[in-house]
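Count along the sequence shown from 1, then add 970; that gives the number in the working numbering.
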Amino acid sequence: MNRSEVLSYTVAVAWMAVVIGVWIAIDLGYAAPWLSFTDIPGGSVGGMAGVLGLLALGWYVIKSLKWRNERAEWRKAGQKANLRPSADGGDTEGERLTGTVDGRSVSTYYDKRKLSSGGTESGGRWVTFTFGEAELAGSGDEGVLVGPVDGALSANIGTIRFDEMAERATEMDGLVVSRKEDLVMVGTSRMALDAISDGLSMNALRAIGNLEVAALGDASGVVASWAKTRNEEMEGRGSSLAEYPVDNLVERVPGNGATVTVEIRDPLRDGEELRRFVEGVVVIADAYEEATARSSAAG
C-alpha cells in the first residue's frame, strides 16, 4: 500500500468514525439541546438514512480525490520518463502516456483488476497492473508469449498455467518452447524464441520486476492454438473436464500483433523506474523484430 492509499484509507476511516460518532451522540442525547432526532425528518430512521447518505458521499469524495492524486502521480512519473499524455484526449483511469525510445514509438498505461486470493479476476482486492507497449514496424506473423514459470494467464473464465502450457506445447505441432531459469516462453518461431531468450533481450526481461506476461507479435494466436489443441486432445479422450474457454483467454492477452506488450503487477509511479521499464520493452521489441525479419528472409 503506497502513501496515497494509506492517506485515503486513513481519511475514510476518520470520516466514518466522525459520522457514526455524531449519530451515536444524537441517539444517546449528548448533542441536545443543539440537535436531536426530533429535529430530523423521519426521526431516528431519517437519521440513519442521513448517516448512510453522508458515508456514501464521503466515500465518493475520497475515492475521487484518490483517483485524481493517482493520475497526477502517473503524469509526473511520465514527465520524468520523457513520456506525455496521449493526444486522443481520453479520460480513462490509466491514462495512456506516449513517447519515442531509440526511434521506436512506445506507450504505457495502467489498469486495475479485482483479483481473488487465487489470482483469478473475481472478488478479492483491487490490484494495479502497468503495461508497456512498443510498436513494431508491422503486424507480426509470429507470436511469442513469456511468463514466469509459476505464473498463469487468468481471465474471468479460464486459466492457463505457464508451466503446464510449456509442458503441453512441446508435444504440439506449430509451437516451440524455451525455458530460461524462472521464465517460460512459448511461440511459433524457434528463431524468435532463441533471440528473446538470449543477450540483451533476456537481460531486459529478467530486469522487469513482477512480470505478469509479455506478449510479442501474434501472442494471441499462440494462446488460441494451444487452447484449441488442448481441447481437442481432451475431447478425443472423452473428457469435458478441461475445456479451455479460448475466446476469454485470447482477450486476456495484452497488446496486438503489431506490438510487444509487457504487463507487470506493479503500480509504477517513479519516473526513473518507468523509464527503465519502457526501455526494456523496446530492447525486447528490437530482438523480436530482428529475429522475425531473419525468419521471413530465410523462408
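Where a beta carbon is used, it is the ideal one built from N, C-alpha and C, also for glycine.
The Cβ-Cβ distance between Val-1076 and Leu-1053 falls below 9 Å.
Bridge partners of Ser-1109 according to DSSP: none are assigned. Taking the Cβ atoms as the reference, Gly-1117 lies roughly 6 Å from Val-1154, within the contact range of under 8 Å. The shortest C-alpha to C-alpha distance from Ser-1056 to any of Arg-1066, Gln-1049, Asn-1201 is the one to Arg-1066.
In the displayed model, Val-1230 falls within a strand according to three-state DSSP. The Cβ atoms of Gly-1250 and Ala-1162 lie no closer than 9 Å to each other. In the three-state reduction of the DSSP assignment, Ser-1124 falls in the strand class.
Leaving aside the five residues that flank Leu-1244 on each side, the residues in its chain whose CB is nearer than 6 Å to its CB run, in chain order, Ala-1047, Ala-1051, Leu-1238.
Ranked by Cα distance from Trp-1196, the first of Ser-1167, Asp-1168, Val-1156 is Val-1156. Secondary structure of Ser-1148 (DSSP, three-state): strand. Membership of Asp-1240 in any alpha helix (DSSP H) is not indicated, and neither H nor E is assigned to it by DSSP. Counting only residues of its own chain and dropping the five nearest sequence neighbours on each side, Ala-1165 has a CB closer than 8 Å to the CB of Ser-1171, Ala-1257, Tyr-1258, Glu-1260, Ala-1261. Listed in chain order, the alpha helix (DSSP H) elements of length 4 or more contained wholly in the region 1157–1189 are 1160–1166, 1169–1177. Residue burial is scored here from C-beta neighbours: Thr-1070 has fewer than 16 other C-beta atoms within 10 angstroms and is therefore classed as exposed. Taking the C-beta atoms as reference points, Ala-1139 is found no nearer than 9 Å to Val-1230. When DSSP states are grouped into helix, strand and coil, Ser-1034 belongs to the helix group. Val-1232 and Leu-1115 have their C-alpha atoms some 10 Å from each other. Listed in chain order, the non-local C-beta contacts of Arg-1095 below 8 Å within the same chain comprise Lys-1084, Leu-1085, local neighbours out to five positions each way being set aside. The region 1219–1228 makes no contact with the region 1030–1039, as fewer than three CB pairs between them are under 8 Å. The beta carbon of Thr-1129 sits closer than 6 Å to those of Ala-1122, all from its chain and outside the five residues before and after it, given in chain order. The continuous alpha helix (DSSP H) containing Arg-1222 extends over residues 1216–1222. Arg-1074 sits buried, since 16 or more C-beta atoms from the chains shown fall within 10 Å of its C-beta.
Boundaries of the alpha helix (DSSP H) around Arg-1138: 1132–1139. Taking C-beta atoms under 8 Å as the contact rule, Arg-1200 and Tyr-1214 qualify, at a distance of about 6 Å.
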